[in-house]
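Q:
Number of protein chains: 2
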Amino acid sequence: MALVARSREPDSRPDDVDLDVLENTLSFYVRVLDMAVSRDLDRRLRDLEVARGKGKITALFLIDSHPGIRPSVLADLTRKDRSAMGRILDGFEAHGLITRRISTEDNRAQELFITPKGAALAAKVRTIVVDQSESFFNRIIPPKEQAVLIDILKRAYRRLREVGQ
Amino acid sequence: MALVARSREPDSRPDDVDLDVLENTLSFYVRVLDMAVSRDLDRRLRDLEVARGKGKITALFLIDSHPGIRPSVLADLTRKDRSAMGRILDGFEAHGLITRRISTEDNRAQELFITPKGAALAAKVRTIVVDQSESFFNRIIPPKEQAVLIDILKRAYRRLREVGQ
DNA sequence: TATTGTTATACTCTATAACTATA
DNA sequence: TATAGTTATAGAGTATAACAATA
Numbered sequence: 001m002a003l004v005a006r007s008r009e010p011d012s013r014p015d016d017v018d019l020d021v022l023e024n025t026l027s028f029y030v031r032v033l034d035m036a037v038s039r040d041l042d043r044r045l046r047d048l049e050v051a052r053g054k055g056k057i058t059a060l061f062l063i064d065s066h067p068g069i070r071p072s073v074l075a076d077l078t079r080k081d082r083s084a085m086g087r088i089l090d091g092f093e094a095h096g097l098i099t100r101r102i103s104t105e106d107n108r109a110q111e112l113f114i115t116p117k118g119a120a121l122a123a124k125v126r127t128i129v130v131d132q133s134e135s136f137f138n139r140i141i142p143p144k145e146q147a148v149l150i151d152i153l154k155r156a157y158r159r160l161r162e163v164g165q
Numbered sequence: 001m002a003l004v005a006r007s008r009e010p011d012s013r014p015d016d017v018d019l020d021v022l023e024n025t026l027s028f029y030v031r032v033l034d035m036a037v038s039r040d041l042d043r044r045l046r047d048l049e050v051a052r053g054k055g056k057i058t059a060l061f062l063i064d065s066h067p068g069i070r071p072s073v074l075a076d077l078t079r080k081d082r083s084a085m086g087r088i089l090d091g092f093e094a095h096g097l098i099t100r101r102i103s104t105e106d107n108r109a110q111e112l113f114i115t116p117k118g119a120a121l122a123a124k125v126r127t128i129v130v131d132q133s134e135s136f137f138n139r140i141i142p143p144k145e146q147a148v149l150i151d152i153l154k155r156a157y158r159r160l161r162e163v164g165q
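Chains W and H supply the protein sequences, listed in that same order.
Oh and the first sequence: position 134 is 134 in the working numbering, straight run, nothing missing.
Oh and the second sequence: position 15 is 15 in the working numbering, straight run, nothing missing.
1) For W/L149, which three-state DSSP category applies?
2) Specify the secondary structure class of H/A5 as computed by DSSP and reduced to three states.
3) Along chain H, in chain order, which residues have C-beta atoms closer than 7 Å to that of W/S133?
4) Is H/F137 close to chain W, meaning its C-beta is less than 8 Å from at least one C-beta of that chain?
5) Give me the subset of the stretch 34-51 of chain W whose CB atoms are less than 9 Å from a CB atom of chain H, sorted by chain position.
6) Identify the contact partners of W/E145 in chain H, using a Cβ-Cβ distance below 7 Å as the criterion.
7) Assuming the contact rule is C-beta atoms closer than 8 Å, W/G86 and W/P67 should be a hit. Round their C-beta distance to whole Å, please.
8) Are there 16 or more other CB atoms within 10 angstroms of the CB of W/K124, so buried, or fewer, so exposed?
9) Kindly indicate if chain H contains any beta-carbon less than 8 Å away from that of W/V125.
10) Quick one: residues in its chain with C-beta nearer than 7 Å to the C-beta of W/D34, no 5 flanking neighbours on either side, listed in chain order?
11) Can you have a look at W/S133 and say buried or exposed, based on whether 16 or more other CB atoms are within 10 angstroms of its CB?
12) Quick check: the Cα distance between W/D42 and H/K54, rounded to an integer number of angstroms?
13) Would you call W/L177 buried or exposed, if buried means 16 or more other Cβ atoms sit within 10 Å of its Cβ?
14) Please confirm whether W/K56 and W/I88 have their CB atoms less than 8 Å apart.
15) Could you check whether the Cβ of W/I141 sits closer than 8 Å to any Cβ belonging to chain H?
16) According to DSSP, H/E93 sits in a beta bridge with which residue or residues?
17) Tell me, to the nearest whole angstrom, how far the beta carbon of W/A36 is from that of H/Q146; I am working on the premise that it is less than 8 Å.
18) Runs of 4 residues minimum, wholly inside the stretch 22-76 of chain H: which ones carry the alpha helix (DSSP H) assignment?
19) So H/R31 and W/S38 are in contact, right, with Cβ under 8 Å, and what is the actual spacing, rounded?
20) Quick check: the Cα distance between W/R101 and W/A51, rounded to an integer number of angstroms?
21) Counting only beta-carbon atoms, is W/K54 nearer than 8 Å to chain H?
22) Assign W/V163 to one of three DSSP states: helix, strand, or coil.
23) W/R158 to W/R82, Cα distance in whole Å?
24) Look at H/V148 and W/I152 and say whether their C-beta atoms are less than 8 Å apart.
25) Can you give me the C-alpha to C-alpha distance between W/R44 and W/R126, rounded to a whole angstrom?
26) Excluding the five sequence neighbours on either side, which residues of its own chain have a C-beta within less than 8 Å of the C-beta of H/I69, listed in chain order?
27) Find the nearest neighbour of W/H95 within the set W/N24, W/S27, W/A156, W/E49, judged by alpha-carbon distance.
Below you can see the structure in the form of structure tokens.
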């Protein structure tokens, strides 16, 4: 595949593209990596009607492991808008995966609980997600670098929440 | 903000959430980070009608710096589907940012060229993108770790393209 | 006044499959 | 047969602003 149709060097390949064009921005590499891993995961979740879509998974896990957790906390942890999270929860509820109760302590707040059906799905999805992430990254990043990477990213995540972004 | 509405420890905070729930998957942290940096960038690009949307920017830069580059190469470099890239190019063309020519060497292929208007926009956007990525990551990751991070991610990017994902 | 969650709206991004035209 | 690009379709995800109820 030639980079440019009328190249002076007809054999030039995409590898020849000066990636400094991308300005060495971290944002580019993060974005591309996310796209790739998300696409791969979506394929592995294709069968599971409800769980499909990268955005919902974490919320389901958290409700499963933290009974009574609130929508606003889920939004915070997943770095989403409250309204976006609300839509996800609507879907879960409609599919009988969770229940919502109004808090007795604060009538504005909700408590979220997993149903047996939801717990079963969460367990199944968890296995897939863990396996997928592992095997995906094993294909492109050496184990030692993976350890460094997750260490850096975990701290970045904490900072993200501290800073409110 | 209490984690659980009826917690035994009413002061428990989101920090208390056991993040191992997320199974320590790299995919989670990559996804959240991408969401955060993309959202931040979108805000900075809000005014620029055409450039808005994280997905298009790199393509515009590459056409600017590699006259005659092909759509399929852009799709490869940005890890997108050809049809998705086609739609982006349609938008660019409709806004007078690029031109398409059929290759004289291969009538199936196209050559893409930036217009003066496109070049001007690319220059403006480039400044914003570079600045945004820098200042965003400076807020959440120490400089030394950033260097390690981009090093790892660049190699991961190369592997991604090698493996075809 | 601030917070929790909802509703309505609109937009971006993406993939899939079927198609054409060329090679 | 394989490749470059298009079209049509469908779906996921997201943010914004305005709102109601509550604190």
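Where is the CB? At the ideal position from N, CA and C, for every residue including glycine.
All values derive from a computational prediction rather than experimental measurement.
A: Considering the structure as presented:
1) Shown here, W/L149 sits in a helix according to DSSP, grouped into three states.
2) Confidence at H/A5 is low in this model, with a pLDDT of 42, below 50, so the placement of that residue should be treated as unreliable; the coordinate-derived value is given next. Coil at H/A5, not helix or strand.
3) Here the neighbours are T25, L26, S27.
4) Yes, its Cβ sits closer than 8 Å to a Cβ of chain W.
5) Those would be D34, M35, A36, V37, S38, R39, D40, L41, in chain order.
6) What W/E145 touches in chain H: I152.
7) Their Cβ separation, rounded to whole angstroms, is 19 Å, which puts W/G86 and W/P67 out of contact at 8 Å.
8) Answer is exposed; the Cβ neighbour count stays below 16.
9) The beta carbon of W/V125 sits no closer than 8 Å to any beta carbon of chain H.
10) Annotation for W/D34: no residue places its beta carbon closer than 7 Å to its own, counting only its chain and skipping 5 residues before and after.
11) Buried, since its Cβ has 16 or more Cβ neighbours within 10 Å.
12) Spanning the alpha carbons of W/D42 and H/K54 requires a straight line of approximately 20 Å.
13) The question about residue 177 of chain W has no answer here: the residues shown for chain W are numbered 1 through 165.
14) A contact, by the Cβ cut-off of 8 Å.
15) So yes, W/I141 belongs to the interface.
16) For H/E93, which the question treats as bridged, DSSP gives no partner whatsoever.
17) Between H/Q146 and W/A36 the Cβ distance is about 21 Å, and since that is not below 8 Å, they are no contact.
18) Counting only runs of 4 or more, we get 26-44, 54-65.
19) The C-beta distance from H/R31 to W/S38 rounds to 7 Å, short enough to meet the 8 Å contact threshold.
20) Approximately 22 Å, taken between the alpha carbons.
21) Cβ-Cβ to chain H under 8 Å: yes for W/K54.
22) Secondary structure at W/V163: helix, using DSSP grouped into helix, strand and coil.
23) Computed Cα separation, rounded: 19 Å.
24) Yes, the Cβ-Cβ distance between H/V148 and W/I152 is below 8 Å.
25) The alpha-carbon of W/R44 is positioned some 12 Å away from that of W/R126.
26) Only residues of its own chain outside the window of five on either side were considered, and among them L62, I63, E111, L112 have a CB closer than 8 Å to the CB of H/I69, listed in chain order.
27) It is W/E49.
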